[in-house]
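Each remark here refers to the structure printed beneath this line.
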Amino acid sequence: MAKAAKTNRPTLDELKEMYVKMVVTRRMEEGLFPEHRAGNIRGPIHTCNGQEASAIGATAVLRKDDLVSTTHRGHGHMIGKGVPARGILAEIYGRETGLCRGRAGHMLMADLENGLLGTSAIVGGGPPYAVGQALAFQCQGSDRVAMSCFGDGAAQNGMVHEAMNVAGLWKLPVVFLCEHNMYGLTVPSSSQSPIADISDRAAGYDMPGVKVDGNDVVAVYQAAAEAVARARRGDGPTLLETKTYRMVGFSTTDIGGYQPEEEIAAWAKRDPIKRLREILGKDLKPKELDAMDAEAQGIVDDAYEFAKTSPETPLDDLYVPEYAEVEAAHG
Amino acid sequence: MAKAAKTNRPTLDELKEMYVKMVVTRRMEEGLFPEHRAGNIRGPIHTCNGQEASAIGATAVLRKDDLVSTTHRGHGHMIGKGVPARGILAEIYGRETGLCRGRAGHMLMADLENGLLGTSAIVGGGPPYAVGQALAFQCQGSDRVAMSCFGDGAAQNGMVHEAMNVAGLWKLPVVFLCEHNMYGLTVPSSSQSPIADISDRAAGYDMPGVKVDGNDVVAVYQAAAEAVARARRGDGPTLLETKTYRMVGFSTTDIGGYQPEEEIAAWAKRDPIKRLREILGKDLKPKELDAMDAEAQGIVDDAYEFAKTSPETPLDDLYVPEYAEVEAAHG
Amino acid sequence: MAELRYAEALNQALDEEMARDEGVILLGEDIGNYGGVFRVTKDLQEKYGKSRVRDTPISEQVIAGMAIGASMMGMKPVAEIMFADFLPLVIDALVNQASMMNYSWAGQVTIPFVLRTQGGAGAGAAAQHSKSLEAMVTHIPGIKVVMPTTPADAKGLLKSAIRDPNPVVFLEHKMLYNTKGEVPDGEHLVPIGKAKVVREGDDVTIVATSRMAILAEEAAELLAKDGISCEVIDPRTLRPLDVETIVASVEKTHRAIVVNEAWRFGGYGAEVAATIAEMAFDWLDAPVGRIGIHDLAIPFAKPLEAAAIPDAGRIAEAVRETLA
Amino acid sequence: MAELRYAEALNQALDEEMARDEGVILLGEDIGNYGGVFRVTKDLQEKYGKSRVRDTPISEQVIAGMAIGASMMGMKPVAEIMFADFLPLVIDALVNQASMMNYSWAGQVTIPFVLRTQGGAGAGAAAQHSKSLEAMVTHIPGIKVVMPTTPADAKGLLKSAIRDPNPVVFLEHKMLYNTKGEVPDGEHLVPIGKAKVVREGDDVTIVATSRMAILAEEAAELLAKDGISCEVIDPRTLRPLDVETIVASVEKTHRAIVVNEAWRFGGYGAEVAATIAEMAFDWLDAPVGRIGIHDLAIPFAKPLEAAAIPDAGRIAEAVRETLA
Ligand SMILES: Cc1ncc(C[n+]2csc(CCOP(=O)(O)OP(=O)(O)O)c2C)c(N)n1
Ligand SMILES: Cc1ncc(C[n+]2csc(CCOP(=O)(O)OP(=O)(O)O)c2C)c(N)n1
Ligand SMILES: [Mg+2]
Ligand SMILES: [Mg+2]
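Chains as they are written, first to last, in our numbering: chain F, 1 to 331; chain G, 1001 to 1331; chain W, 2001 to 2324; chain P, 3001 to 3324.
Structural data, given as structure tokens:
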């Protein structure tokens, strides 16, 4: 397994942008729990609390015309990729102004405009089509890159194996981002995989396997920058594994009890937002940091307000044609 | 990847038995082509011509109560496991005396009595249930072992990945025998997998990956003996990869043309039967070797005679109950 | 008799069968320490140990494959697939392996496993976690398909399924886990292959599966107020289907409505409707009505989802139409 | 017009569409240098290069997944799944991904790929290589399903399928690849969603798919000798089904037989039969007959296999019964 080179250091502006996005993600997600309890939003809600450095650091290196595809635990990737919080929340509230007009819900969002394409809550279901996106880029001679995010649990799924194999074989411009948060639902990863590091499997697909501290946004950024550059150059895929931790339960329906207290406490000390704040603290004054927090909070408040006051999706949305229309010229 | 230790040398008697079985397999399969052309047997027929050392050497170390499961290319595993040639051929001829009364045909045979359970022509379809057999043995506290045979092409399939992962995780008594014959149907393995040795993936499942010369029956025997012993001890699975070559086309419907002449010629020099004959020649007289050839031919001739003169499966075999019966006590 | 929730009744069935037969083992995601995301396997790992109650990796294909292989060797695996939406991942194992082994291998083996899963809409879980995909398994010969509606049937059918020598796909419904009902203690076996006449009536027969059977009863209540008498039949077993009970009812009522939560086109309801139309042809006074979920990906937003799912009102309306 | 084999007609369609549209790429096992095990992609890799005609690993799940992802990004992939028996491996991709994207993502993307495969019995390929699994795909909303019978329809429908902005599952039949027929040169497009009246008649309507449509014509020939006049309809598109053409025919003949090579129980034939029974209720003089392959794993031995598959004799017998 290759070590990520210490190149591609993010600029201060980039760090600031990532910081705001991490805080936006955290605050946005924190708001979902009380809203769910109050019955204002529905369906199981999964958050990436504690994993923001991985999600934001990895997507920070993508261009707008690159793609990211994600899972049920995708809010960080969305915010990172530039998807507006308004559209995300409105979708979760099932509003007409949601990214998908409330048809998709929180587990299945997509935003073509910002290159979120898309979300799949079938564990392992995303990588096969991400590889297809990368195939399209290769056929088109484009230098766009597809990033496919999935969890440590998903790595045991056959679809992910098939996707990595063909990507390695054809040197497709895809980055596999495996966010290893130590659990697949309630089951610890040690009970799902006999090996601790999923990136150890990369050699079996002839691609670099890179493992980084997933709570260190700089490390994630650097490793992702290298992987994306490699893909963009046409040198093929990378399996990038970020070691992180899910600080809250699996979802809003989780009854908990299986994440040991000491484990949670140990990881709390490594909170990625706190860590980035410390790094930024070397260059910025506390007031400046506070202003960024306020900016993030403002974005989140605005998005909640937007979502809650948007109209519900009209019933007409159910009675749309089953098929996309065939153009007249076609037949 | 571990090297197979040079232990477990087969005895002369074992070598002789393997020799006869390899020749039986070769002669039996050679007879199928003209029979297929003549329209006496039907369906695509796949042979393991050139791969006999792998099939016979690996199965030679199994006990009668161990299981082997195989693929469309399974005649060698069957003969190796002690399945009578009569039953195999009668099945291929669709006779009532076939292993499965002609219901299964050559691609799907099973023989519970001799531990052939079973054959699946879904590429990658066998390992999942072989792992289930091994799970049963583990639950039952038995020391039986399940051997799962598949090809290099199958290794790219998601089912195989899932099977190897859970076997490595639970330390199940299974031996994965990947017979790497350089092709998956007409496509060279280099166009199917970005790595040359499938056994390199074993580490990703926390199991030994062992690569041996698949045309050297002694090497295969030794490596398989070690893998089986390990499984029997409760130490878990092994991925054993035998490097070999399919000397004839994919099946009777193959129109050929994609296996380079020089490649075929190079491998012909390494014919596993010829090689074992040379080894045996050190201990046995030519007459004794010829007698073994004759013995094998006799078994094959008898089996063809048996198959051809057996009655066709009666039509009644179609109109059997759809379900196994529920015992009265159960309802 | 005790009043139990549907999930508890299932748990009791598993518990009793595990106590009765050492060969019964459980496989699935989050079924061990956590007791299953719908709590059906609660406390069973603690009681029967980690060897018999196994959390698996997220590998549906090999979960099904292991159930097949282990059952071949004398075990009675009960595998859980967390959502029916993931059934597609195990259909190869069902149709290409489990379905053919007993017949194609000329009876050398039986494959006595149970594959439990749950489907259905109504929880705001959207397109990938709300489907009813029974049509994909009821088409497969050699496999039985069971779909209990009440807690008592859930227990009795699961116990029968575990003792059945054939592969049984056992379809639960996420909106039923918390429903309560009287459940007989101990040895309560509901035979596979027998439909239940849930309510007797004369004017129309409603054949409804799973949660739809409950809505059909509600519709029947509504209609009774207008003097319309409905017979409601819950097939309980989808394959093999108890055609006799259904046809006998239609011979009495002369009209039928089939309600199945799945997509209508090519759904399980088509089989039931076609069978009634064929077998009760001479008795039918009106076309067999057929109701399913709206024929598109299941939407997330509450009003859309609610409009997509058949409800008592729509069933009642269909009954009125058939009588018109 | 030229006389072509069915496989050649398909090859011509692919060739013409690849020449016409650079976005068309082919994915599948053994489709490159070898030209496909049924020769449908013969010479296309040589002509269009290795980037556009790709031999894939034996990884059906990702073949389908790649078709989806690439089509989202503007390509028009035509993926080959070697046998319909392997469709179960791609149903997750179809039902959980392809089916929902256009609707659930509110029209942001279309998914214009074609998934070709071939099924059917008769070649002695036994339980894992002979099935007709159309029911597993026709149930899925948002996906079109096409099943051509003649070389001309094979060409014309494949060209239409490639140009369609929706996912299309294209079902060929292994016993048809060598059948010959006149095929229009060049721009020959058969519209998706239109059934074909293969033979006109007055006494009974036979709706038959794929190879069964040919057998239905044979049966009609046999019956004509006895003065029985059959109308034979080949739906060609299984989803969306051209209900109008079928119902109009039954309104004329008052009787119908549905022939589909799949297992009868829960098969595609159930949908057609239920639809006819419902929509043509007032015109039907007899129950809709329904014929399928024997409801068990498909056996290998020739006499068993032959007895399992519907043939002209069985179709004719069903027609006689419905007229009795
Ligand atoms: C095919 C499939 N199997 C099971 C599930 C249920 N499920 C949803 S998330 C999840 C755990 C996923 O674990 P991991 O991949 O590590 O992602 P994480 O939730 O930790 O981010 C499971 C089992 C599913 N959605 N899809
Ligand atoms: C799931 C599946 N996909 C494709 C096929 C068609 N097929 C049969 S054998 C074969 C090649 C298998 O290659 P390999 O695993 O190397 O086995 P070999 O034939 O070389 O022994 C293919 C593609 C199949 N039977 N099943
Ligand atoms: Mg995880
Ligand atoms: Mg091979």
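Beta carbons are placed, not taken as given, at the ideal position from N, Cα and C, and that holds for glycine.
Remember, it's a predicted structure, so these values are computed and weren't measured experimentally.
Practice task
Could you tell me the distance, in whole angstroms, from the CA atom of M1001(G) to the CA atom of N40(F)?
Solution key: If you number the second sequence from 1, residue 1001(G) lands on position 1. If you number the first sequence from 1, residue 40(F) lands on position 40. Note on M1001(G): pLDDT 41, under 50, position unreliable in the model; the coordinate value appears next. Straight-line Cα distance between these residues: approximately 55 Å.
Practice task
Report yes or no: is there a C-beta of chain P within less than 8 Å of the C-beta of P1311(G)?
Solution key: To locate residue 1311(G), count along the second sequence from 1; it is residue 311. So, not an interface residue.
Problem - Min CB distance L3323(P) to chain B below 8 Å - result: Absent here is chain B; the protein component of the structure consists of chains F, G, W and P.
Problem - N2260(W) beta carbon near ligand 4 (any heavy atom closer than 7 Å) - result: Position 260 of the third sequence holds residue 2260(W). No; taking the cut-off as 7 Å, the Cβ of N2260(W) has no heavy atom of ligand 4 nearer than that.
Exercise for the section: Just the chain W side, please: which residues come within less than 9 Å of T3253(P) by C-beta, in chain order? Expected result: Sequence index remark: in the fourth sequence, residue 3253(P) carries index 253 (1-based). In chain order: nothing, as chain W lies at least about 16 Å away.
Practice task
Just tell me which of I2058(W), A2208(W), V2319(W), E2134(W) has its CA closest to the CA of V2169(W).
Solution key: Counted from its first residue, the third sequence places residue 2169(W) at position 169. Selected option, being the one with the closest Cα: E2134(W).
Handout entry: Uninterrupted beta strand (DSSP E) stretches inside the segment 2235-2299 of chain W (no shorter than 3 residues)
Key = 2237-2239, 2256-2263, 2289-2293
Practice task
Kindly indicate if chain G contains any beta-carbon less than 8 Å away from that of F3300(P).
Solution key: Position 300 of the fourth sequence, counted from the start, is the residue given in the question as residue 3300(P). So, interface residue.
Practice task
Could you give the DSSP three-state label for S142(F): helix, strand or coil?
Solution key: One-based indexing of the first sequence puts residue 142(F) at position 142. Three-state result, S142(F): coil.
Handout entry: Collapsed DSSP secondary structure at E1942(W) in the structure displayed
Key = In this structure chain W extends from 2001 to 2324, so residue 1942(W) is not present and cannot be described.
Handout entry: Cβ-based neighbour list, P3088(P), same chain, cut-off 8 Å, excluding 5 preceding and 5 following
Key = Walking along the fourth sequence from the start, residue 3088(P) turns up at place 88. Cβ within range, chain order: L3133, M3136.
Problem - Residues near H3188(P) by beta carbon distance below 8 Å, same chain, minus five either side - result: Residue numbering aside, residue 3188(P) sits at position 188 when the fourth sequence is read from its first letter. The beta carbon of H3188(P) lies closer than 8 Å to those of A3152, K3155, G3156, K3159 in the same chain, with the five residues before and after it left out.
Handout entry: Close beta carbons around P44(F), own chain, < 6 Å, minus the five adjacent residues each side
Key = Here residue 44(F) corresponds to residue number 44 of the first sequence, with the count starting at 1. The answer, listed in chain order, is S251, T252, T253.
Exercise for the section: Can you check DSSP and say which residues form a bridge with R95(F)? Expected result: On the first sequence, residue 95(F) is found 95 positions in, with the first residue counted as 1. Its beta-bridge partners are E312(F).
Practice task
Anything in chain W within Cβ reach of N1165(G), meaning under 9 Å, just list it in chain order.
Solution key: For the purposes of this step, residue 1165(G) is taken as residue 165 along the second sequence, with counting starting at 1. Within chain W, the residues near N1165(G) are P2057, S2059, V2062.
Problem - Euclidean distance between Cα positions of I2140(W) and V2095(W) - result: Taking the first residue of the third sequence as 1, we reach residue 2140(W) at position 140. Taking the first residue of the third sequence as 1, we reach residue 2095(W) at position 95. Cα to Cα, the separation comes out at about 6 Å.
Problem - Buried/exposed call for S1189(G), threshold 16 Cβ in 10 Å - result: Translated into the one-based positions of the second sequence, residue 1189(G) becomes position 189. Under this definition S1189(G) is a buried residue.
Practice task
Alpha carbon to alpha carbon, how far is N1114(G) from F1173(G)? Give it in angstroms, no decimals.
Solution key: Sequence index remark: in the second sequence, residue 1173(G) carries index 173 (1-based). Sequence index remark: in the second sequence, residue 1114(G) carries index 114 (1-based). Looking at the sequence provided, one finds Pro at residue 1173(G) rather than Phe. Answer to the nearest angstrom: the Cα atoms are 18 Å apart.
Practice task
Determine the burial state of E1091(G): buried for a count of at least 16 other Cβ atoms within 10 Å of its Cβ, exposed for fewer.
Solution key: For the purposes of this step, residue 1091(G) is identified with residue 91 of the second sequence, where counting begins at 1. Buried is the call here.
Handout entry: Pick from F33(F), N215(F), E241(F) that is closest to A266(F), judged by C-alpha positions
Key = One-based indexing of the first sequence puts residue 266(F) at position 266. Looking at the Cα atoms, N215(F) is the closest of the given residues.
Problem - Start-to-end residues for the beta strand (DSSP E) that takes in K211(F) - result: The count along the first sequence starts at 1 and reaches residue 211(F) at position 211. Its beta strand (DSSP E) spans residues 209-213.
Problem - Under 8 Å by beta carbon: chain G residues contacting S193(F) - result: Against the first sequence, residue 193(F) aligns to sequence position 193. Taking the beta carbon of S193(F) as reference, the chain G residues within 8 Å of it are N1165, L1169, listed in sequence order.
Exercise for the section: Say yes only if the C-beta of E3029(P) is nearer than 7 Å to one or more non-hydrogen atoms of ligand 2, and no if none qualify. Expected result: Here residue 3029(P) is taken as the residue at index 29 of the fourth sequence, counted from 1. Correct: E3029(P) has its Cβ closer than 7 Å to ligand 2.
Handout entry: Beta-carbon proximity list for G184(F), same chain, < 7 Å, skipping 5 on both sides
Key = For the purposes of this step, residue 184(F) is identified with residue 184 of the first sequence, where counting begins at 1. Within the same chain, G184(F) has close Cβ partners G151, D152, G153, Q192.
Problem - DSSP-derived helix/strand/coil call for D152(F) - result: Position 152 of the first sequence, counted from the first residue, corresponds to residue 152(F). Reduced to three states, the DSSP call for D152(F) is coil.
Problem - For I3005(P), the three-state DSSP class (helix, strand or coil) - result: Taking the fourth sequence and counting its residues from 1, the one referred to as residue 3005(P) is at position 5. Here residue 3005(P) is Arg; the residue named in the question, Ile, does not match the sequence. Reduced to three states, the DSSP call for R3005(P) is strand.
Problem - Test item: CB-CB of Q3061(P) and G158(F) under 8 Å - result: Numbered from its first residue, the fourth sequence carries residue 3061(P) at position 61. Numbered from its first residue, the first sequence carries residue 158(F) at position 158. Yes.
Problem - Own chain partners of Q2045(W) with C-beta closer than 7 Å, once the 5 adjacent residues on each side are dropped - result: One-based indexing of the third sequence puts residue 2045(W) at position 45. Hits under 7 Å: G2032, N2033, V2053.
Handout entry: Members of the segment 3271-3305 of chain P near chain G, C-beta cut-off 8 Å
Key = Here the close residues are H3294, D3295, L3296, A3297, P3299, F3300, A3301, K3302, P3303, L3304.
Exercise for the section: Apply the 10 Å Cβ neighbour rule to A2084(W) and answer buried if 16 or more other Cβ atoms are within range, or exposed otherwise. Expected result: What you label residue 2084(W) is simply residue 84 of the third sequence in a count that begins at 1. Here A2084(W) is buried: its Cβ has 16 or more other Cβ atoms, across all protein chains shown, within 10 Å.
Practice task
Ignore the nearest five residues each way along the sequence and tell me which others in E3056(P)'s own chain have a CB closer than 7 Å to its CB.
Solution key: To locate residue 3056(P), count along the fourth sequence from 1; it is residue 56. Checking the sequence shown, residue 3056(P) turns out to be Thr, not Glu. So the list reads L3027, G3028, E3029, I3063, once near-sequence residues are dropped.
Problem - Cutoff 8 Å: M3100(P) Cβ touching any chain W Cβ - result: Taking the fourth sequence and counting its residues from 1, the one referred to as residue 3100(P) is at position 100. At least one chain W Cβ lies under 8 Å of M3100(P).
Exercise for the section: Less than 8 Å between the CB atoms is what I'm expecting for I3276(P) and I3246(P), so what's the real figure, rounded? Expected result: Taking the fourth sequence and counting its residues from 1, one reaches residue 3276(P) at position 276. Taking the fourth sequence and counting its residues from 1, one reaches residue 3246(P) at position 246. With a Cβ gap of about 6 Å, I3276(P) and I3246(P) count as contacting.
Practice task
Reducing DSSP to helix, strand and coil, say where Y183(F) ends up.
Solution key: One-based indexing of the first sequence puts residue 183(F) at position 183. Of the three classes helix, strand and coil, the one that applies to Y183(F) here is strand, per DSSP.
Exercise for the section: Report the residue from F1137(G), L1318(G), M1018(G) whose alpha carbon sits nearest the alpha carbon of V1061(G). Expected result: Here residue 1061(G) refers to the residue found at position 61 of the second sequence. Residue M1018(G) is the option with its Cα nearest to V1061(G).
Practice task
Scan the segment 2130-2194 of chain W and note each continuous alpha helix (DSSP H) run of 4 residues or more that stays entirely inside, going in chain order.
Solution key: 2134-2138, 2151-2163
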